[in-house]
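Q: Here you go, one structure.
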Amino acid sequence: RQKVNQAFETHGVDNLNQEHDPINWYDWDKFVADISTLKDTGKLSLKRVWNQQTGEKDLDIDLEVDQDGIILCDGIQLLHAPIKDAADLIVLIEAPDSNIRQRAVLRDKHRSPEDYLNRKHLFTERFEVPYFEKYRNSAEIIIDNSDFNKPVIETVR
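This is the structure:
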């Protein structure tokens, strides 16, 4: 957040793009390697991962999956290569921007200042909307989650 705020203050568009475009947040090759390790061995240890409660990379976790278990990766921007190539099935859950904004505020208000939450939709419009327009068809199943209590399966490929 601090780097995003600095980019706003200095009008550093390149810095802003780098810091707030989710495509730049992860080491995608390592992500695929870690998923492969978890699939092959059923175990994975991760150090200094992002902690939703603190907003920092201060969490160590050990994962175990039974041989016949399922690995679910929930997150944004998981529809592009190399991620889509490593997945056995891709499910995209969609909702209108107004729902996404409301849910983000409920989820993030404990750790994000109000001014950040108020401008977060600008990043959604700039980065996430084009991403999902480009990669939406990578999903085998698309679920309309406009009504949280009544999701609708729209597409199964």
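Numbered per this note's numbering, the sequence shown spans residues 1297 to 1453.
Just so you know, even glycine gets a beta-carbon here, dropped at the ideal spot from N, CA and C.
On a predicted model such as this, the values are computed, not experimentally measured, just so you know.
1) Under DSSP, the alpha helix (DSSP H) around glutamate 1429 begins and ends at which residues?
2) When DSSP labels each residue in this structure, what does isoleucine 1367 get in the three-state scheme?
3) In terms of alpha-carbon separation, which member of Phe1423, Ile1357, Asp1354 and Ile1386 lies closest to isoleucine 1439?
4) Rounded to a whole number of angstroms, what is the C-alpha to C-alpha distance between phenylalanine 1444 and glutamate 1390?
5) Taking aspartate 1330 as the reference, which of Asn1320, Asp1317, Val1345 and Pro1318 has the closest Cα?
6) Looking only at its own chain, which residues have a Cβ that is under 6 angstroms from the Cβ of proline 1447, when we skip the five neighbours before and after it?
7) Candidates Ser1394, Asp1393 and Lys1416: which alpha carbon is nearest aspartate 1404's?
8) Taking DSSP's pairing of strands, which residues face leucine 1385 in a bridge?
9) On the DSSP letters alone, give me the boundaries of the alpha helix (DSSP H) that valine 1401 sits inside.
10) Rounded to the nearest angstrom, how far is the Cβ of leucine 1334 from that of leucine 1359, given a contact under 8 angstroms?
A: Per the coordinate set shown:
1) 1425 to 1431
2) coil
3) Ile1386
4) 11 angstroms
5) Val1345
6) Ile1439 and Asn1441
7) Lys1416
8) Leucine 1385 is not bridged to any residue.
9) 1393 to 1404
10) 6 angstroms
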